[in-house]
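A.B. asks:
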Amino acid sequence: MTERLVPGPGRDEALAPLLANGWQLAADRDAIRKTFTFGNFVDAFGWMAKVALWAEKWNHHPEWTNVYRTVEVTLTTHDAGGLTALDVRLAAKMDALH
598 MTERLVPGPG RDEALAPLLA NGWQLAADRD AIRKTFTFGN FVDAFGWMAK
648 VALWAEKWNH HPEWTNVYRT VEVTLTTHDA GGLTALDVRL AAKMDALH
């Protein structure tokens, strides 16, 4: 199991680039969220397919919804009960693929 990121300088440092790039801390639980917007449904779905390959490879799957050209993403590691390095890694990959 992956270790949960405990509050402190290490966690702040890991999350800083993501927060600067539009990710937000969830108010209701230990998670991060972001809305991705695309030109159309095909672009949104294509991006989701690319992310899905990485998520499967890393065995870390997002909570997400897709409505037309918008994808809402929440990342947390259920087994750890909150944010872990896996969430940081997948969030960075999502940003890179966008």
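Quick note, the sequence shown lines up with residues 598 to 695 if you use the working numbering. Just so it is clear, CB atoms sit at the ideal spot from N, CA and C, and this is done for glycine as well. Please read these numbers as outputs of a predicted model, since none were measured by experiment.
1) What does DSSP give as the partner residues of valine 726 in its beta bridges?
2) If you follow the beta strand (DSSP E) that valine 664 is in, where does it begin and where does it stop?
3) Near histidine 695, which residues of its chain fall below 7 Å by C-beta distance, leaving aside the five closest residues on each side in sequence?
4) Excluding the 5 residues flanking alanine 689 on each side, which residues of the same chain have their C-beta closer than 8 Å to its C-beta?
5) So does alanine 693 have its beta carbon nearer than 8 Å to some heavy atom of the ligand ATP?
C.D. replies: In this structure, then:
1) Past the edges of the chain, shown from 598 to 695, lies residue 726, and the structure says nothing about it.
2) Here residue 664 is taken as the residue at index 67 of the sequence shown, counted from 1. Looking at the DSSP string, the run of the beta strand (DSSP E) that includes valine 664 is 660-664.
3) On the sequence shown, residue 695 is found 98 positions in, with the first residue counted as 1. Phe633 and Trp644.
4) In the sequence shown, residue 689 corresponds to position 92, counting from 1. Hits under 8 Å: Pro614 and Leu615.
5) Among the components of this structure there are no ligands whatsoever, and the ligand ATP is therefore not found.
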